[in-house]
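Peer 1: After the structure tokens below, expect a handful of questions from me.
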Amino acid sequence: METSREGHWQTRWASERIAEAHLDRSREKFYAVVAYPGPSGFLHIGHLRGLTLADSLHRYYRMAGRSVFFPTGTHASGLPAVVFARKVQEREPTVVAGLKELGVAEETWGELEEPEAAARFLGRSYLELYRRLGILIDESAYVTTVDPDYRAFIQWQFHRLHDGGHLVQAPYYASVCPVCGPISVDPSETDLSLGGNAEIVEYTAVPFPLEDGRTLLAATLRPETVYGVTNLWVHPTEPLSVWHHGDRLYLVSRSAAHRLVEQHGGRVGAEEPIASLFGRRASVPFGDREVPILPSPIVQPTIGTGVVMSVPAHAPADWVALQALSAEERSKVPPVVPEIIFFPPDQPLSESERALLAGDGPPAARAARATGAHSLADTAALEAATERLYRLELAKGRMLPVVVSTLPVPEARERMVTSFGAAGEVGVLREFSEPVICRQGHEVIIRRVPDQWFLHYGDAAWKTTTHELARSLRIVPTEYGRELPSVIDWYDDRPCIRRGRWLGTPFPLDPAWMIEPIADSTFYPAYYVVRPFVASGRLHVSQLTDPFFDYVFLGRGAGEPSVSRSLSEEIRAAFQYWYPLDLNIGGKEHKRVHFPVFLFTHAALLPRELWPKGLLVHWWLVATSGEKISKRHIGTKGGAIPPLQEALTNWGADALRLFQTISASPEQDFEWDPALVDQTRERLTTVERMVREAFQDGGGASPELDAWLEDAAHQLIAHARSSFESLDLRAAAQAVYITFPTTIRRYQTRGGSPGPTLQRIADAWVRLLSPITPHLAEELGDGRFSTLVAAAPFPSPEAFAESLPARHREEYLERLEEDLLSVIKPARDRGEGSEELLLYVAAPWKTEVEQWLEAAPPGQAPTVAEIMQRAGKHPELASARGEIAEYAARRIPKLRNDPPLPTPTFDEAAFLRASEGYLVRRFHVGRVAVYLEQAASEVDPMRRRQRARPGRPAFYFVGPPRR
RNA sequence: GCCGGGGUAGCCGAGCGGCCAAAGGCGGCAGACUCAAGAUCUGCUCUCGCAGGAGUACCCAGGUUCAAAUCCUGGCCCCGGCACCA
1499 METSREGHWQ TRWASERIAE AHLDRSREKF YAVVAYPGPS GFLHIGHLRG LTLADSLHRY
1559 YRMAGRSVFF PTGTHASGLP AVVFARKVQE REPTVVAGLK ELGVAEETWG ELEEPEAAAR
1619 FLGRSYLELY RRLGILIDES AYVTTVDPDY RAFIQWQFHR LHDGGHLVQA PYYASVCPVC
1679 GPISVDPSET DLSLGGNAEI VEYTAVPFPL EDGRTLLAAT LRPETVYGVT NLWVHPTEPL
1739 SVWHHGDRLY LVSRSAAHRL VEQHGGRVGA EEPIASLFGR RASVPFGDRE VPILPSPIVQ
1799 PTIGTGVVMS VPAHAPADWV ALQALSAEER SKVPPVVPEI IFFPPDQPLS ESERALLAGD
1859 GPPAARAARA TGAHSLADTA ALEAATERLY RLELAKGRML PVVVSTLPVP EARERMVTSF
1919 GAAGEVGVLR EFSEPVICRQ GHEVIIRRVP DQWFLHYGDA AWKTTTHELA RSLRIVPTEY
1979 GRELPSVIDW YDDRPCIRRG RWLGTPFPLD PAWMIEPIAD STFYPAYYVV RPFVASGRLH
2039 VSQLTDPFFD YVFLGRGAGE PSVSRSLSEE IRAAFQYWYP LDLNIGGKEH KRVHFPVFLF
2099 THAALLPREL WPKGLLVHWW LVATSGEKIS KRHIGTKGGA IPPLQEALTN WGADALRLFQ
2159 TISASPEQDF EWDPALVDQT RERLTTVERM VREAFQDGGG ASPELDAWLE DAAHQLIAHA
2219 RSSFESLDLR AAAQAVYITF PTTIRRYQTR GGSPGPTLQR IADAWVRLLS PITPHLAEEL
2279 GDGRFSTLVA AAPFPSPEAF AESLPARHRE EYLERLEEDL LSVIKPARDR GEGSEELLLY
2339 VAAPWKTEVE QWLEAAPPGQ APTVAEIMQR AGKHPELASA RGEIAEYAAR RIPKLRNDPP
2399 LPTPTFDEAA FLRASEGYLV RRFHVGRVAV YLEQAASEVD PMRRRQRARP GRPAFYFVGP
2459 PRR
């Protein structure tokens, strides 16, 4: 089919309004959504996967008789549109290329420099591409998350979440640029010029008071090791600053002082020359002892507080630094506490863990030795030693009883942090794991926000309900279902609003804040149901009040007074018809973000009977490098990922759709490979040709062969249906695009030709093609159905008669072909062939014997004597006793590998005779002769007949080579 | 370390107790078609074979079973997520 024809069918679907949803109580409904895309740029083929899945499912269910609803929208919230608008402003080359490709007039580009306009523009461009992909979206429900009606909906949602106690306020430590304002630290964050992958590291600030009343504040990730401190490290030259906090004076590095002010208040004071500290002593918390302060190059003033507590027993770097000291300095350091963490025997160490701790000395010394870290210059080895030892101690270590009972390390750490807090100390210092620089070149910092609002996902009761919802879900793939409970458990309170420049809905409890984008996309399938009423003008935005939504979604209250009772009820009825949502479809990136919060929100807002019913997670189409497709993979050069428009022009929608569906299971990434798409398109060409041939008039085939084809069609259709029902579109595609053609090809090689049966089957086939390759289906079905194929009923297996005898006959023949082939192969390799094929059908008594053999209990081989005993009870077999014994003796040892075949339900000889023509062609023999084993006069030059078994004829190729 | 997944023929990838020497695809070989190439179609593609046979196979080692790629135990390795990491 010409790719250009696809547009024709897209127009037809639109003009016949196939995509429009109808509330039809006489029918079951199907309602699924795909995670809507964010307007970050132009769609690429990576986006296609979820859309294709969703569309094919909706198309299947529509044909299967359900009323379907497939809306979509644009998730304009957050930064993507802001970033895109800025790129337009900058006339960034890829954006310019995309705009040109979409045919956007250059004069209008200026309008797209405004983020909301950019979002709407991109949303429309997506819709256009969906159309070109043959995706049937009900556009009357189309919405972007910055539309005023959607905002009203989100405000209602937050009011209800607040009512339910799901919003809480607490201090929060947010990333912020001191000049530009709040900023999120994320690899995709384009407001950053550096450090997108940075994580927030939480240090514990441990106070070491000096004798002069000031306190050195060390930062550590392992406060529990404070019992092993032997000294403090400071930088050899960098001065420290005074940080005034309350009535206390702390000494920390200058950069730390500033960070502490952001997070804990106070002010930065004077600088203190560092050398004055060398050799002085500070007291150790939780212990009546003092340790010396020593300079060491291991201290980096920009990390932590510039003061490091040295625990040589457990920190390899400290151990090595200690060895590097001069003898004089060394003499000031108290003896190293051998160790303060032990490994209880109930958690045996693995081999690699034992290797890390081989030898003697403190654990840090052993780890340093094991990784080859001998000096401070061995940074990589030191890091490895540190990481491995810390992981191990955290996972399996316990505190020694002489220190603080035998607490596991994580608990001991917790307790330390708490006790510092209780003592009025600072407690925690947060910083980025690597420098983060904003787009304008300023350093991004972490600042305390005292009254941040959170979604209270850490709430145990809410989790319990959400777990319940999760358990009730149908989840594909099932592995995700196993993972989901731990994801829900792992969830903690999440900040849900922020200040700053991005798109979204103002937070109703404090409109100076914006709701963040993950939180405003959790309940939207409910709003899709309402949107058409707004779009059609029957409902005005001003009417979307809390009472309105309370009534529509919750059946609570009397509704919005300005909305007529009947309209309220109509919308409520629509919601009750389409809800619960049947399926939420999204990529694997949503496993930990969108899906869980989607469930949390539904669990919080809706009663059980309206809870969603399923999740379908798909993995990605990736670039040849195995990476997720991103801007830089897209281009027109070899190996690059083509822009979607270009791919559509090159291959057409159907080829792309089938490629997506058939190339991999949903739970698998697969690589973009233009050669495979080519091949997919060719497969479609073949299917098209086969269907057209099948539609022709002709002689058909024998009733037996037709019966077989009908039976095969019955099974294939049943399999396709059940595959769609179980959401396994790949299996469905294999049935329709691989097994179906293979079956028809066999029909043809077996002598079948176009005729009434094949035509009926082709009619069914065309409809089977429709969910996945709808354009091709329409093209082939043009004029053959009373409706468009998209609206025709999905074929029913019952339209094709099952025929066990026909199925068995064909299986029988295939088995014979296999046998013949296995003999012909070695012969043919020697360049031989034959003139005549002799076939022998087993004598009837063999059927009985096979049954006796089969009747033997499993695992227990029958004996010849037993068989003969049974044969004795059948006087009519008396004459064959010798043969029976011989046959049983030959069969018994082989029963394990070659069990009795099902008894043929047809006349083997008659069937073989009817198949002579086929066998002659298939095996290039001059002729085929069929004999009965028991007929005394039959030709049997090589005494083959006795090898015949019921269901498996004996045979002999006669004569000189041929082939 | 924890949670989840996985290791299948040259490669990708189905299968997840007997119908499995293992679907489908790629690659390879041969044939048909073609002036030729490409495309397409057909057959073959673990080893041996003296005619339907035998041997060896689904990471490794054990085990359960009449029967294991499929179930169990232990090991090794890989992937994803999380946690962790001055």
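When we follow the numbering used here, the leftmost residue of the first sequence carries the number 1499, and every step to the right adds one.
Ideal Cβ placement from N, Cα and C applies to all residues, glycine included.
Small disclaimer: the values here were computed from a predicted structure and weren't measured.
#1: At the level of alpha carbons, what is the spacing between R1474 and S1682?
#2: Taking buried to mean at least 16 other C-beta atoms within 10 Å of its own C-beta, is P2458 buried or exposed?
#3: Please classify R2461 as buried or exposed, where buried requires at least 16 neighbouring CB atoms within 10 angstroms.
#4: Classify G1544 as buried or exposed, calling it buried when 16 or more other Cβ atoms lie within 10 Å of its own Cβ.
#5: If L2114 sits next to P2164, beta carbons under 8 Å apart, how far is it from one beta carbon to the other, in whole angstroms?
#6: Classify L2203: buried if its beta carbon has 16 or more other beta carbons within 10 angstroms, exposed otherwise.
#7: For L2318, is the classification buried or exposed, using 16 other Cβ atoms within 10 angstroms of its Cβ as the cut-off for buried?
#8: For the beta strand (DSSP E) containing L1546, list its first residue and its last residue.
#9: State the CB to CB distance for the pair V2120 and D2167, rounded to an integer number of angstroms; the pair is presumed to be in contact (CB under 8 Å).
#10: Over the uninterrupted alpha helix (DSSP H) stretch that includes A1882, give me the two end residues.
#11: Quick one: is I2139 buried, meaning 16 or more other Cβ sit within 10 Å of its Cβ, or exposed?
#12: With a CB to CB cut of under 8 Å and the five nearest residues on each side skipped, what residues in its chain are close to T2361?
#13: Leaving out the 5 sequence neighbours to the left and right, which residues in its chain are closer than 7 Å to P1795 when beta-carbon positions are compared?
#14: Give me, in chain order, the residues of the same chain whose beta-carbon lies closer than 6 Å to that of I2215; leave out the 5 immediate sequence neighbours on both sides.
#15: Please confirm if the segment 1705-1718 is in contact with the segment 1785-1803, defined as three or more CB-CB distances below 8 Å between the two stretches.
#16: Tell whether a beta-carbon distance below 8 Å holds between H2116 and R1557.
#17: Can you tell me which residues form a DSSP beta bridge with E2169?
#18: Do you know offhand how far R2443's Cα is from E2414's?
#19: If distances are taken between C-alpha atoms only, which option among S2301, A2231, E2208 comes closest to Q2257?
#20: Pairing CB atoms from the segment 1598-1607 with CB atoms from the segment 2023-2043, are three or more of them under 8 Å?
#21: Helix, strand or coil: which one does DSSP assign to T1718?
#22: Whose C-alpha, out of I2270, W2263, T1572, A2205, is nearest the C-alpha of Y2245?
#23: Measure the Cβ-Cβ separation of F1952 and V1674 and say whether it is below 8 Å.
#24: Could you pull out every residue in the same chain whose Cβ sits closer than 8 Å to the Cβ of M2440, ignoring the five residues on either side in sequence?
#25: Relative to the alpha-carbon of S1565, which residue among A2386, A2288, Y2429, S1538 has its alpha-carbon at the smallest distance?
#26: Give the single residue among F1651, V1809, P1793 whose Cα lies nearest to the Cα of P1721.
#27: Just reading off the beta strand (DSSP E) that W2350 is part of, what are its end residues?
#28: What is the DSSP secondary structure of V1586, reduced to helix, strand or coil?
#29: Among all the DSSP beta bridges, which residues are the ones paired with H1954?
#30: Tell me, please, which residues DSSP counts as bridged to K1527.
#31: Is the CB-CB distance between L2336 and A2446 below 8 Å?
#32: Counting only runs of 3+ residues fully inside the segment 2377-2418, write out the beta strand (DSSP E) ranges in chain order.
#33: Between the Cα of L1730 and those of A1780, T1916, L2081, S1691, spot the shortest distance and give me the residue it belongs to.
#34: Is D2171 close to the ligand MN? I mean its beta-carbon at under 7 Å from any heavy atom of the ligand.
#35: Can you name, in chain order, every residue of its own chain whose Cβ lies under 6 Å from the Cβ of P1578, other than the five neighbours on each side?
#36: Is it buried or exposed, P1613, if we count other Cβ atoms within 10 angstroms and call 16 or more buried?
Peer 2: So, from the data block:
#1: The structure shown does not extend to residue 1474, since the chain is modelled only from 1499 to 2461, so the question has no answer here.
#2: Because the pLDDT of P2458 is 48, which lies under 50, any placement of that residue in the model is unreliable, and the number read from its coordinates should be weighed accordingly. Result: exposed.
#3: Below a pLDDT of 50, predicted positions are generally treated as unreliable, and R2461, at 36, falls in that range; no measurement from the model is reported.
#4: buried
#5: 7 Å
#6: buried
#7: buried
#8: No beta strand (DSSP E) holds L1546; the alpha helix (DSSP H) holding it covers 1546-1561.
#9: 5 Å
#10: 1877-1894
#11: buried
#12: I2390
#13: P1734, L1874
#14: P2293, P2295
#15: yes
#16: no
#17: V2120
#18: 18 Å
#19: E2208
#20: no
#21: strand
#22: A2205
#23: no
#24: Y2454
#25: A2288
#26: V1809
#27: No beta strand (DSSP E) holds W2350; the alpha helix (DSSP H) holding it covers 2342-2353.
#28: helix
#29: Paired residues: none, contrary to the question.
#30: S1565
#31: no
#32: none
#33: A1780
#34: As far as ligands go, the structure on display features none, and thus does not contain the ligand MN.
#35: G1536, P1537, S1538
#36: buried
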